[in-house]
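Participant: One gets the working numbering by counting positions in the sequence shown from 1 and adding 203 to each. I'd like to ask some things about the structure below.
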Amino acid sequence: MQSKNLPEMDTLERTLNLGAPHLDVNVVRRIGVADSPSSVTLPIYSICLGNPSPNVPAMGFFGGVHGLERIGSDVVIAFLHSLVMRLQWDTTLHHQLESMRLVFMPIVNPGGMWMGTRANPHGVDLMRNAPIDATDKVPRLVGGQRISSGLPWYRGQEGAAMEPENQALCEVVKAELLPRRFSMALDCHSGFGVRDRLWFPYAHTRQPITHLAEMQALKDTFLQTYNHHAYVFEPQSLQYLAHADVWDHLYIHACTQVDRTFLPLTLEMGSWLWIKKNLRQMFSLRGIFNPLIEHRQHRVLRRHLSLLDFLARATCSHARWTPTEFSRTTLHANAMQAWYA
Ligand SMILES: [Zn+2]
Numbered sequence: 204m205q206s207k208n209l210p211e212m213d214t215l216e217r218t219l220n221l222g223a224p225h226l227d228v229n230v231v232r233r234i235g236v237a238d239s240p241s242s243v244t245l246p247i248y249s250i251c252l253g254n255p256s257p258n259v260p261a262m263g264f265f266g267g268v269h270g271l272e273r274i275g276s277d278v279v280i281a282f283l284h285s286l287v288m289r290l291q292w293d294t295t296l297h298h299q300l301e302s303m304r305l306v307f308m309p310i311v312n313p314g315g316m317w318m319g320t321r322a323n324p325h326g327v328d329l330m331r332n333a334p335i336d337a338t339d340k341v342p343r344l345v346g347g348q349r350i351s352s353g354l355p356w357y358r359g360q361e362g363a364a365m366e367p368e369n370q371a372l373c374e375v376v377k378a379e380l381l382p383r384r385f386s387m388a389l390d391c392h393s394g395f396g397v398r399d400r401l402w403f404p405y406a407h408t409r410q411p412i413t414h415l416a417e418m419q420a421l422k423d424t425f426l427q428t429y430n431h432h433a434y435v436f437e438p439q440s441l442q443y444l445a446h447a448d449v450w451d452h453l454y455i456h457a458c459t460q461v462d463r464t465f466l467p468l469t470l471e472m473g474s475w476l477w478i479k480k481n482l483r484q485m486f487s488l489r490g491i492f493n494p495l496i497e498h499r500q501h502r503v504l505r506r507h508l509s510l511l512d513f514l515a516r517a518t519c520s521h522a523r524w525t526p527t528e529f530s531r532t533t534l535h536a537n538a539m540q541a542w543y544a
């Protein structure tokens, strides 16, 4: 029944069936789709695997926050699928999962994806919906607006609770990631632009985050390991500022526990890359945010799987690359020079 509007949900559910013995699957919320003739409700799944102990680190993968950006869900589901297949034969993966937890929310906004909109079914942009205002000036509209749900980047009504999709996201992050001494998150989007970008907070201010040295160490470790990578690693504030970013909100919440480290990243896949090579995509909303030609889609999925695998391993091995007492000052200084000079 979901196939026509939501093939990603079918692919995800097939993967969950394949991996059933190894996966803790929960439906965190169900989202009604009002404009559908048969009034469908769609699940927001969270999927966990690996060691559930709060004493081990955790890595979370998120996708489909913006309903138009299907390729983000596709990347997360493709990685989950490869893990499920590897669990059948890969001893090293079983060893890795003994000392860490993996958390997946591949389709955070199933209603928006069903309807083919960036926003959720209430017209709210989930990345402009957290209870946090920018402290520096944001671009008009794009930075978040309360004028109308008929315009993009709508924040929702002032003082209202977060949308159910964001409540689900925050519940899963607070239950599965933040109680641990070390956790990371990757939220997969496809934006405009030519380059693939990895953003870290903040979006609401140009000030650096507390864990700037950790972000520099993560970037250095990734660059040294994958020296042919194509990612631009930077704070989101270098591109544009915005109100109400849910990862800013969760990062600030995480920082209230001083002995915890939570490093959230957003992957913005450079969708102009696809359009440059296929002008037909200019005329299709699906095409602007997602590669149209199947071989291109395979290439996009392949390219990012090594990033997702790297982040899982880096989480497992965080004690080997996170700043020491001695390296912290230099890492922080390098980061300030690169990003905040
Ligand atoms: Zn997005």
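A virtual CB, placed ideally from N, CA and C, is assigned to each residue, including glycine.
Using only the heavy atoms of ligand 1, determine whether one of them is closer than 7 Å to the beta carbon of D315.
Facilitator: The question names Asp, but residue 315 in the sequence shown is Gly. For ligand 1, not one heavy atom lies less than 7 Å from the Cβ of G315.
Participant: In chain order, what are the residue ranges of uninterrupted beta strand (DSSP E) at least 3 long that sit wholly in the segment 422-477?
Facilitator: Scanning the segment 422-477 from its first residue to its last, the whole beta strand (DSSP E) runs of 3-plus residues come out as 434-438, 464-473.
Participant: Within 10 Å of its beta-carbon, does G362 have 16 or more other beta-carbons around it, so buried, or fewer, so exposed?
Facilitator: exposed
Participant: Could you tell me whether any non-hydrogen atom of ligand 1 is closer than 7 Å to the CB of H392?
Facilitator: yes
Participant: Note down the Cα distance separating R457 from K377, rounded to an integer number of angstroms.
Facilitator: According to the sequence displayed, residue 457 carries Ala and not Arg. Computed Cα separation, rounded: 8 Å.
Participant: Please report the distance separating the alpha-carbon of Q291 from that of G347.
Facilitator: Rounded to the nearest whole angstrom, the CA to CA distance from Q291 to G347 is 45 Å.
Participant: What is the DSSP secondary structure of A544, counted as helix, strand or coil?
Facilitator: coil
Participant: Taking all protein chains shown into account, decide if F529 is buried (16 or more other Cβ within 10 angstroms of its Cβ) or exposed.
Facilitator: exposed
Participant: Below 8 Å, how does it come out for the segment 406-418 and the segment 332-339: are there three or more Cβ pairs, yes or no?
Facilitator: Contact between the segment 406-418 and the segment 332-339 is present, with at least three C-beta pairs closer than 8 Å.
Participant: Can you tell me which residues form a DSSP beta bridge with C391?
Facilitator: In DSSP, C391 forms a bridge with G266, L470.
Participant: Over the uninterrupted beta strand (DSSP E) stretch that includes R400, give me the two end residues.
Facilitator: 399-403
Participant: Roughly how many angstroms lie between the CA atoms of M204 and R398, to the nearest whole one?
Facilitator: Here M204 scores only 47 on pLDDT, less than 50, and its place in the model should not be relied on; the value that follows carries that caveat. Between M204 and R398, the alpha-carbon positions lie close to 36 Å from each other.
Participant: Answer yes or no: the CB of H149 versus the heavy atoms of ligand 1, is any distance below 7 Å?
Facilitator: No statement about residue 149 is possible, as the shown extent of the chain runs from 204 to 544 and does not include it.
Participant: Of all the alpha helix (DSSP H) runs that stay within the bounds of the segment 284-310, which reach a length of 4 or more residues?
Facilitator: 294-301
Participant: Looking at ligand 1, does it come within less than 7 Å of M472, judged from the CB to the closest heavy atom?
Facilitator: The nearest non-hydrogen atom of ligand 1 is 7 Å or more from the C-beta of M472.
Participant: Which of the three DSSP states, helix, strand or coil, is assigned to A237?
Facilitator: In the structure shown, A237 sits in coil (DSSP, three-state: anything other than H, G, I, E or B).
Participant: May I ask you to list the residues that DSSP assigns as paired with D213?
Facilitator: Answer is none; D213 lacks a bridge partner.
Participant: Apply the 10 Å Cβ neighbour rule to D390 and answer buried if 16 or more other Cβ atoms are within range, or exposed otherwise.
Facilitator: D390 is buried by the Cβ-count criterion.
Participant: For T527, name the three-state secondary structure that DSSP assigns.
Facilitator: coil
Participant: Shorter than 7 Å, the distance from the beta carbon of E272 to the closest heavy atom of ligand 1, or not?
Facilitator: Within the cutoff, so yes.
Participant: Taking P246 as part of the beta strand (DSSP E), name the residues at either end of that continuous run.
Facilitator: 244-253
Participant: Name the DSSP bridge partner or partners of D277?
Facilitator: Note: D277 sits in no beta bridge, so no partner.
Participant: Taking the alpha-carbon of E417 as reference, which of D277, N229, A517, I247 has the nearest alpha-carbon?
Facilitator: A517
Participant: Mind checking whether V449 and M330 have CB atoms under 8 Å apart?
Facilitator: In this structure, M330 lies closer than 8 Å to V449 by Cβ.
Participant: For the structure I just gave you, are there three or more beta carbon pairs, one from the segment 351-358 and one from the segment 223-235, closer than 8 Å?
Facilitator: In short, these stretches do not touch, since the Cβ pair count stays below three.
Participant: Quick check: does the Cβ of M330 come within less than 7 Å of any heavy atom belonging to ligand 1?
Facilitator: yes
Participant: Within 10 angstroms of its Cβ, does G235 collect 16 or more other Cβ (buried), or is it exposed?
Facilitator: By the 10 Å Cβ count, G235 comes out exposed.
Participant: Relative to the C-alpha of P182, which candidate in D277, R499, E497 has its C-alpha closest?
Facilitator: The structure shown does not extend to residue 182, since the chain is modelled only from 204 through 544, so no value can be given for it.
Participant: Just checking my contact of H535 with L415 at CB under 8 Å: how many whole Å lie between their CB atoms?
Facilitator: 6 Å
Participant: Which same chain residues, not among the five before or five after R505, have their C-beta less than 7 Å away from its C-beta?
Facilitator: none
Participant: Relative to the C-alpha of H392, which residue among P255, H452, W402 is closest?
Facilitator: W402
Participant: Closest to D328 by C-alpha separation, out of H269, Q360, P342, would be which residue?
Facilitator: H269
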